[in-house]
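In terms of the numbering used here, the sequence shown opens at residue 9 and continues consecutively. Taking it in order: structure first as structure tokens, then the write-up.
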Amino acid sequence: MNTAKISDILMQIKELYSSIKQISTLLVDDFSEETLEKFLRTRERLLKEVYSKEAEYTRLRTKNTENSKECSKLKNEISELIRAIISLDNCINEKIASNMRNIRKELSSLHGSSRAALAYSSQRRI
9 MNTAKISDIL MQIKELYSSI KQISTLLVDD FSEETLEKFL RTRERLLKEV YSKEAEYTRL
69 RTKNTENSKE CSKLKNEISE LIRAIISLDN CINEKIASNM RNIRKELSSL HGSSRAALAY
129 SSQRRI
């Protein structure tokens with residue numbers, strides 16, 4: 009009975025991580041500020057569910073359930089999903105860093121342009 013309940017919880021955790029992987033893949037494919045904000049909200053909600061399920065799993069697990077073949081298989085699948093999510097997160101981080109570099113370039117060029125405009129306008133007054 010306990011092993012079935014634990015397997016069910018692990019299956020739910022696996023499905024939640026699978027959802028996180030899916031939305032991460034969508035973000036990598038269609039990266040924008042709007043999709044990033046939506047992604048972060050959805051991911052936060054899913055991770056809260058994962059933490060809740062993991063707490064339930066921790067409360068119910070025993071040595072016998074830890075060693076069951078089905079539980080071990082599910083834990084391995086969850087580990088694979090987590091590794092895939094980490095890889096996708098690295099891609100997302102690179103895209104965010106690239107956007108930040110572009111923003112910094114735009115800001116520095118605005119500063120230079122505004123200084124040039126200020127110098128030009130002060131020369132025109134003389």
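Every residue, glycine too, gets a C-beta built ideally from N, C-alpha and C. These figures come from a predicted structure and were not determined experimentally.
Alpha carbons only, please: which of the options is nearest the one belonging to residue i?
i    : options                : result
L89  : E62, K113 and I28      : I28
R51  : C99, K81, N107 and I93 : I93
I86  : I14, N10, L24 and T11  : L24
Q20  : N75, K56 and D38       : K56
T11  : I31, S40, L44 and S80  : S80
E102 : I31, K13, K83 and V36  : V36
Please state the DSSP three-state secondary structure of residue i.
i    : result
S200 : Here the chain comprises residues numbered 9 to 134, so residue 200 is not present and cannot be evaluated.
With hydrogens ignored, establish whether the beta-carbon of residue i is closer than 7 Å to any heavy atom of the ligand HEM.
i   : result
T70 : This structure lacks the ligand HEM, and indeed carries no ligand of any kind.
Within the region 15 to 97, note down every full alpha helix (DSSP H) run reaching 4 residues or more, in order along the chain. Entirely contained in the region 15 to 97, the alpha helix (DSSP H) runs reaching 4 residues are, in chain order, 41 to 68 and 71 to 74.
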